[in-house]
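Trainee: First the structure, then my questions, so here it is.
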Amino acid sequence: MRKLGVNIDHIATVRNARGEDHPIPYVAALNAIKFGANSITIHLREDRRHINDQDLKIISGIPKLPLNLEIAATAKMLKIAIKHKPNFVCIVPEKREEITTEGGLNLKKNNKKLKHTINRLNNSKIRTSLFVNASLNDIKIAKKLGTKCVEIHTGKISNLVKKNKNYQKEFKKIKKCAVYAESLALEVHAGHGLDYKTTKILKKINQITEYNIGHFIIGESIQFGLKKVIKTFKKILK
Ligand code: PXP
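Using the numbering used here, the first residue of the sequence shown is number -6, and each one after it goes up by one.
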């Protein structure tokens, strides 16, 4: 069974746009699970642009909620992760100036730091994942680093599909990586920029067992949730 992880960062983006407390990320987390999500993802960025420490504290305290925390491999973030003990941690690269996570980790450059972070998380019984580019060499390095899972960055194929460009080469590359990762006993996840169309395409790769999707789910929820909210207001205003 393929699993769906719902990233609720952008519930916090909308909340923060007003600097008040609505909408509430933990309510979104509870609802997403209630409606069938297999896990909730939150990314505690170093600049706290969406999810903040209080959100993490509250959401990680919800009993039995499968939580996937995304963090950069820094000492501060590692300390926070070990303190809050999410079920899963996905280590991602982070640049302050980026709008979103633009690519996978540079595993060669950050080898030592990543090994240390993964070791500490493994010792704390937190399942680890590395956000990687679709590269066979990176999958090989990821395995050596001791991670349990890899999440393949799907930004490139998503952009090609959205622009109606030929995505076959990228699809084959992702498939090769997924097959190779599975052969190394790594769990294979996919994420970034996914919508209905790209998810349908990637679903053909049986080795991918988890999909982590954020922006599109929150965007669609706003568009299609309008009906219910407007009806409620019309009732009030009758
Ligand atoms: N997976 C990882 C590791 C991410 O960092 C992100 C957010 O950039 C996502 C999945 C979700 O991406 P999106 O919001 O584009 O669906």
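Glycine included, each C-beta is placed from N, C-alpha and C at the ideal position.
Whose CA, out of LEU98, GLU144, LYS102 and ASP131, lies closest to the CA of ARG120?
Mentor: GLU144
Trainee: ASN116 lies in the beta strand (DSSP E); which residues open and close that run?
Mentor: Here ASN116 belongs to no beta strand (DSSP E); instead the alpha helix (DSSP H) covers 104 to 116.
Trainee: Near the ligand PXP, which residues have their beta-carbon less than 6 Å from any of its heavy atoms, given in chain order?
Mentor: ASN0, HIS36, GLU63, CYS83, VAL85, THR93, THR94, PHE124, GLU144, GLY184, HIS185, GLY186, LEU187, ASN205, ILE206, GLY207, HIS208 and PHE209
Trainee: Does DSSP put TYR204 in a helix, in a strand, or in coil?
Mentor: strand
Trainee: Provide the residue(s) that pair with THR121 in DSSP beta bridges, ordered along the chain.
Mentor: VAL82
Trainee: Identify whether HIS43 lies in helix, strand or coil by the three-state DSSP scheme.
Mentor: coil
Trainee: Provide the residue span of the alpha helix (DSSP H) that contains GLU97, from first to last.
Mentor: The amino acid at residue 97 is misidentified as Glu; the sequence shows Gly. That residue, GLY97, is in no alpha helix (DSSP H); it is neither H nor E in DSSP.
Trainee: Below 8 Å, how does it come out for the region 79 to 93 and the region 43 to 63: are there three or more Cβ pairs, yes or no?
Mentor: yes
Trainee: In this structure, how does DSSP classify LEU58 when only helix, strand and coil are distinguished?
Mentor: coil
Trainee: Do ASP48 and ALA5 count as a contact pair if the criterion is CB distance below 8 Å?
Mentor: Yes, they are a contact pair.
Trainee: Thinking C-alpha only, which one of LEU98, GLY139, ASN103 and SER128 is nearest ARG113?
Mentor: GLY139
Trainee: Taking 7 Å as the line, does the beta carbon of ILE134 fall inside it for any heavy atom of the ligand SAH?
Mentor: Judged by which ligands are present, the ligand SAH is missing from the structure shown, whose ligands are the ligand PXP.
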